[in-house]
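K.L.:
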Amino acid sequence: MPYCKDLQGFSLIELLVALVIVVVLGTIGVLTFYQSTHSISLDNDLQLTIETLNKARQYAINSKGKTPWGVHFNQDSLVLFSGSTFIPSSPTNVTLNLSTYSTFSLISLSDEDDVIFNQLNGSASSYGYVVVSLKNNPSALKTIYIQPSGIINVTSPSPTPSA
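Number 76 in my numbering belongs to position 80 of the sequence shown; there are no gaps in the numbering.
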């Protein structure tokens, strides 16, 4: 009489294959979520910067406070300020922090780290560009150009700065 075993359950190999598949799919899911979270943070910080620059320009055009308005850039934050010079201790300064994932990796402006918009016409007495990038992936970046006219443009990726 041939030996016939009633096979029920899973073999060790089947369990290991299933476990490997679950781990691979889980890893792909976590990495995708991680990358999309950082990408969203970069886009949000880009929008925050553009909105702050536009707000400073509008305040200057409307002569709010009868003074020019500007934006000061730090590595991980930007400051909306009134006046023709940034004064760090001014109580009217509004500091806005970037997300923990983003940074201003390059600030190339004609006046140190400040963009100042002139009253009435909104032209920029200091201009240039600012690069917003991810801290853990510097190649993921957006460049904000501030023209002398005060117009703001965005490009991606940034041109390589000349040395």
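Beta carbons: idealized from backbone N, C-alpha and C, even for Gly.
Note the first and the last residue of the continuous beta strand (DSSP E) segment covering S101.
P.N.:
S98 to L105
K.L.:
Report the rounded CA-to-CA distance for L12 versus L21, giving the unit in angstroms.
P.N.:
14 Å
K.L.:
Can you name, in chain order, every residue of its own chain whose Cβ lies under 7 Å from the Cβ of P155, other than the five neighbours on each side?
P.N.:
Residue placement at P155 is poorly supported in this model, since its pLDDT is 48, which falls under 50; the coordinates are not used for a value here.
K.L.:
Three or more C-beta pairs under 8 Å: does that hold for the segment 105 to 122 against the segment 47 to 59?
P.N.:
yes
K.L.:
Quick check: what's the CA-CA separation for E10 versus L49?
P.N.:
The alpha-carbon of E10 is positioned some 59 Å away from that of L49.
K.L.:
May I have the straight-line CA-CA distance separating A159 from S104, to the nearest angstrom?
P.N.:
Note that A159 has pLDDT 41, beneath the 50 cutoff, so the model's placement of it is unreliable and no number is given.
K.L.:
Check this for me: beta carbons of S101 and S129, under 7 Å apart or not?
P.N.:
yes
K.L.:
As a quick exercise: from L137, D110 and D109, pick the residue whose alpha carbon is nearest that of T99.
P.N.:
L137
K.L.:
Could you check if S78 is buried or exposed, using at least 16 other CB atoms within 10 Å of its CB as the buried criterion?
P.N.:
buried
K.L.:
Mind checking who V74 pairs with in its DSSP beta bridge?
P.N.:
Note that residue 74 is Leu in the sequence shown here, rather than Val. DSSP lists F69 and L92 as partners of L74.
K.L.:
Near T139, what residues of its chain come up, given a Cβ to Cβ distance below 6 Å and the 5 sequence neighbours on each side ignored?
P.N.:
Y125, V127, T151 and S154
K.L.:
How many angstroms separate the CA atom of L94 from the CA atom of P87?
P.N.:
20 Å
K.L.:
Take D107 and list the residues in its own chain whose beta-carbon comes closer than 8 Å to its own, dropping the five residues that flank it on each side.
P.N.:
Within the same chain, D107 has close Cβ partners S121 and S122.
K.L.:
Put D109 into one of helix, strand or coil per three-state DSSP.
P.N.:
In the displayed model, D109 falls within coil according to three-state DSSP, outside both helix and strand.
K.L.:
Tell me the rounded alpha-carbon separation between H34 and T28.
P.N.:
10 Å
K.L.:
Would you report the Cα separation of L74 and Y97, rounded to the nearest angstrom?
P.N.:
15 Å
K.L.:
Measure the alpha-carbon distance for N89 versus V111 and round it to whole angstroms.
P.N.:
14 Å
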